[in-house]
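Trainee: Read top to bottom, the protein sequences are chains Z and E. Just so you know, my numbering puts 369 at position 41 of the first sequence, and the rest follows in order with no gaps. Just so you know, my numbering puts 73 at position 72 of the second sequence, and the rest follows in order with no gaps. Beta carbons are placed, not taken as given, at the ideal position from N, Cα and C, and that holds for glycine. Here the structure is a predicted model, which means the values were calculated and not measured. Take a look at the following structure, please.
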Amino acid sequence: MRRLATHIARILAIMLLGGFLGATLVRLSPGFGVDEQELDSSLSHESIASLRQSNASDGHLGAFYFHYLNRLLHGDLGTSRTLQQPVRQLLAERFPETLESVGLGLALGWTLGLALAIATVMSRSWCVDLFSSLLAGILLCLPAAMMALLFVIARAPGRLVLGLIVFPKVFRYSRNLLERSANLPHVLTARAKGLGSLRVFLWHILPASGAQLLALGGVSVSIAFAAAIPVEVLCDLPGIGQLAWKAALGRDMELLVNLTMVITMVTLLANSASDLIRNPVHAGAA
Amino acid sequence: MKWARVIAIVFLVTVSTACLFAGFVAPASYDKQFREAPDAAPSRQHLLGTDDLGRDRFSRLLYGTRVSLLLAPAAALLSSLLAGLIGGAAGFAGGWVERTVMAATDLFLSLPWLFLLITVRAALPLNVSPMVSVIITFALLGSLGWAAAARVICADSRALCQSDMVLLARASGNGGFRLLWRHILPNLKPVLYAQFWISVPVFILTEANLGMLGLGVSEPLPSWGSLLRDLESFSTFSPEPWRFVPLVLLIVMLGCFHLAVQKQESSL
Chain Z
329 MRRLATHIAR ILAIMLLGGF LGATLVRLSP GFGVDEQELD SSLSHESIAS LRQSNASDGH
389 LGAFYFHYLN RLLHGDLGTS RTLQQPVRQL LAERFPETLE SVGLGLALGW TLGLALAIAT
449 VMSRSWCVDL FSSLLAGILL CLPAAMMALL FVIARAPGRL VLGLIVFPKV FRYSRNLLER
509 SANLPHVLTA RAKGLGSLRV FLWHILPASG AQLLALGGVS VSIAFAAAIP VEVLCDLPGI
569 GQLAWKAALG RDMELLVNLT MVITMVTLLA NSASDLIRNP VHAGAA
Chain E
2 MKWARVIAIV FLVTVSTACL FAGFVAPASY DKQFREAPDA APSRQHLLGT DDLGRDRFSR
62 LLYGTRVSLL LAPAAALLSS LLAGLIGGAA GFAGGWVERT VMAATDLFLS LPWLFLLITV
122 RAALPLNVSP MVSVIITFAL LGSLGWAAAA RVICADSRAL CQSDMVLLAR ASGNGGFRLL
182 WRHILPNLKP VLYAQFWISV PVFILTEANL GMLGLGVSEP LPSWGSLLRD LESFSTFSPE
242 PWRFVPLVLL IVMLGCFHLA VQKQESSL
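This is the structure:
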């Protein structure tokens, strides 16, 4: 119980620090408070000065963050400066969309990646190995934004892109892990004793690499969330990735701090969940 | 697989050389407009045609590849150095220093890297010159990409501190900075090299992502991001397959890179 409480406290502390880090980076950037309208040559010096004055209304970083935390304690996440809507409402509208995309992407990426990795290791066929390695290699060399654009051009559903981004990482890591486990002395002995492939895989290979595969589970959530930004922007999916891009372009500090905290929280929760499941699995395998 | 590695390295060297000498190889400058021939199809004069502003696509591809191939290793060098210094010092010092540094890396790793980059890159001044935007983009990549490598190096540095070699050095009167500088850091070189080579393709891909979102290198200077962005206006009704050449080159270059550094990748 004490361990769980420490874990939750750690997540909360990192979340708040993450929000503060995001706000600090934006606030200290030389272009903070600069508006695109300033590039309008028809504006006078006075107009530009007043524009800057209004954009710099977020004031001192420490004060901003103190007020932000104070409001957060009362359940108020503030109002987006660029979208003129309460941040809580924006998050409530867009978070399910991203969760759905990320969930589908993870399911697709893991199914495809793990299935091909198992097929490669168990079949020991160079054809399967070459095909799956080539596929994963090509996908690994494609930027997430490019993959999203190709899906737009092909009029394919954009949500599937996340699956293709997660797939090569899952495939490569799990293939290496399974291959290493398949060459362990006790697995070779089991094979030599004439155990069937399925039995060897389920009883000997999988338990030896299960804990490390679960660790990849947490990391893949982070990969999918990061990739959701370019994918949602290019495929026009109204999720928090698109919201993050809009907030960044609009230098919307209120929205950025909240998004940073939400994304940090999701990543940390995914990693903690995989740790919690991994420890008993690891102990069982040992 | 040895022959595949050799072919990959030869291809990488050939393309890199052609791009380094883009000034001699390219038929025109990357920003020269042929206003009489916008959106032209490939011809003897324009090997890959021209873009909608009449600029030679082949020249832009050479210059863009040069930007990415020169600056991604520079960013990788910066991030590897930062990781080496931070991770190495943390593992060497141990105790609260190590715990603090590891907490900082936890914080960096829990924030998706692309999100952090987009946030910071978007908040930079709007009226910077293309050259400054290139330097800012890759400097950001380098300075924000150290966290994962620092963890690995910290663990290696800690293991080295407990090795017989370092114990002997301590017993011989070496301590503090001298021990770190003469005995720990030189032995971290293989891990640092591996981290460097692994980071290069990651930075090239990240720049391409940023460029496609309009947050990378500013026009008219080309980079892989801005070259791929050109595909946004691609239409299936009037397919122009030569517009995919930058994408194919990117895939082949990165594929060759992965093949060439396979040993380093598997060593981590």
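(1) DSSP three-state call for E:D57: helix, strand or coil?
(2) Taking a contact to mean a Cβ-Cβ separation below 8 Å, would you say Z:L544 touches Z:A445 in this structure?
(3) Grab me the residues of Z:L442's own chain with a C-beta within less than 7 Å of its C-beta, minus the 5 sequence neighbours each way, in chain order.
(4) Roughly how many angstroms lie between the CA atoms of E:N188 and E:A91, to the nearest whole one?
(5) So is Z:I591 buried or exposed if we call it buried at 16+ other beta carbons inside 10 Å?
(6) Chain E beta carbons: is any one of them nearer than 8 Å to that of Z:T426?
(7) Mind checking if E:D52 is an interface residue toward chain Z, Cβ cutoff 8 Å exclusive?
(8) Go ahead and pull the three-state DSSP assignment for E:T51.
(9) Does Z:T595 come within less than 8 Å of chain E when only Cβ atoms are used?
(10) Cα separation between E:R6 and Z:D404?
(11) Our contact map puts E:A150 next to E:G88 with C-beta atoms below 8 Å; I'd like the distance itself, whole angstroms only.
(12) Note the first and the last residue of the continuous alpha helix (DSSP H) segment covering Z:C455.
(13) Who are the neighbours of E:W114 on chain Z, taking C-beta pairs under 8 Å?
(14) Can you name the residues of chain Z whose CB is closer than 8 Å to the CB of E:I119?
(15) Could you tell me which residues DSSP puts in a beta bridge with E:Q34?
(16) In chain E, which residues lie with their C-beta within 7 Å of the C-beta of Z:M475?
(17) Between E:L248 and the rest of its own chain, which residues show a CB-CB distance below 8 Å, the 5 nearest in sequence each way excluded?
(18) Given this structure, state the Cα-to-Cα distance separating Z:S509 from Z:A552, to the nearest angstrom.
(19) Hey, would you say E:I119 sits closer than 8 Å to Z:A576, going by beta carbons?
(20) Compare the Cα-Cα distances from E:D157 to each of E:S234, E:G85, E:P39 and report the closest residue.
(21) In chain order, what residues of the same chain have a beta carbon less than 7 Å from the beta carbon of E:V26, not counting five sequence neighbours either side?
(22) For E:N175, which residues from the same chain have a beta carbon less than 8 Å from its beta carbon, with the 5 sequence-adjacent residues on both sides left out?
(23) The alpha helix (DSSP H) that contains E:A22, what's its start and end?
Mentor: The relevant details are as follows:
(1) Position 56 of the second sequence, counting from 1, holds the residue named residue 57 of chain E. E:D57 sits in a strand when the DSSP states are folded into three classes.
(2) Numbered from its first residue, the first sequence carries residue 544 of chain Z at position 216. Numbered from its first residue, the first sequence carries residue 445 of chain Z at position 117. The answer is no: Cβ separation not under 8 Å.
(3) In the first sequence, residue 442 of chain Z corresponds to position 114, counting from 1. V498, S502, listed in sequence order.
(4) For this step, residue 188 of chain E is matched to residue 187 along the second sequence. For this step, residue 91 of chain E is matched to residue 90 along the second sequence. Cα to Cα, the separation comes out at about 15 Å.
(5) Taking the first sequence and counting its residues from 1, one reaches residue 591 of chain Z at position 263. Result: buried.
(6) Counted from its first residue, the first sequence places residue 426 of chain Z at position 98. No, Z:T426 does not count as interfacial toward chain E.
(7) Within the second sequence, the letter at position 51 stands for residue 52 of chain E. Taking a beta-carbon distance threshold of 8 Å, E:D52 does not count as an interface residue toward chain Z.
(8) The residue you call residue 51 of chain E lines up with position 50 of the second sequence. Strand at E:T51.
(9) Taking the first residue of the first sequence as position 1, residue 595 of chain Z is located at position 267. Yes, Z:T595 counts as interfacial toward chain E.
(10) The residue labelled residue 6 of chain E in the question sits at position 5 within the second sequence. The residue labelled residue 404 of chain Z in the question sits at position 76 within the first sequence. In a straight line, the C-alpha of E:R6 is about 57 Å away from that of Z:D404.
(11) The residue you call residue 150 of chain E lines up with position 149 of the second sequence. The residue you call residue 88 of chain E lines up with position 87 of the second sequence. Confirmed, Cβ separation roughly 7 Å.
(12) Position 127 of the first sequence, counting from 1, holds the residue named residue 455 of chain Z. Segment 454-468, the alpha helix (DSSP H) holding Z:C455.
(13) As a position in the second sequence, residue 114 of chain E is number 113, starting the count at 1. The contacting residues are A554.
(14) Reading the second sequence from its first residue, position 118 is the one you call residue 119 of chain E. Ordered by position in chain Z, the residues that pass the 8 Å Cβ test against E:I119 are I557, A572, W573, A576.
(15) The count along the second sequence starts at 1 and reaches residue 34 of chain E at position 33. Beta-bridge pairing links E:Q34 to E:R56.
(16) Residue 475 of chain Z sits at position 147 when you count from the first residue of the first sequence. Listed along chain E is no residue with a C-beta nearer than 7 Å to that of Z:M475; the closest approach is about 10 Å.
(17) Here residue 248 of chain E refers to the residue found at position 247 of the second sequence. Beyond the five residues adjoining it in sequence on each side, E:L248 comes within less than 8 Å, by CB distance, of L229, L232 in the same chain, given in chain order.
(18) Position 181 of the first sequence, counted from the start, is the residue given in the question as residue 509 of chain Z. Position 224 of the first sequence, counted from the start, is the residue given in the question as residue 552 of chain Z. Rounded to whole angstroms, Z:S509 to Z:A552 spans 27 Å at the Cα level.
(19) Numbered from 1 along the second sequence, position 118 holds the residue referred to as residue 119 of chain E. Numbered from 1 along the first sequence, position 248 holds the residue referred to as residue 576 of chain Z. For E:I119 and Z:A576, yes; Cβs fall inside 8 Å.
(20) Numbered from 1 along the second sequence, position 156 holds the residue referred to as residue 157 of chain E. Taking E:D157 as reference, the option from E:S234, E:G85, E:P39 with the minimal CA-CA separation is E:G85.
(21) Counting from 1 along the second sequence, the entry for residue 26 of chain E is found at position 25. Same-chain partners within the cutoff: A19, L63.
(22) Looking up residue 175 of chain E in the second sequence gives position 174. Answer for E:N175: R183, H184, listed in chain order.
(23) On the second sequence, residue 22 of chain E is found 21 positions in, with the first residue counted as 1. Rather than Ala, the amino acid found at residue 22 of chain E in this sequence is Phe. Unbroken run through E:F22: none, as it is neither H nor E.
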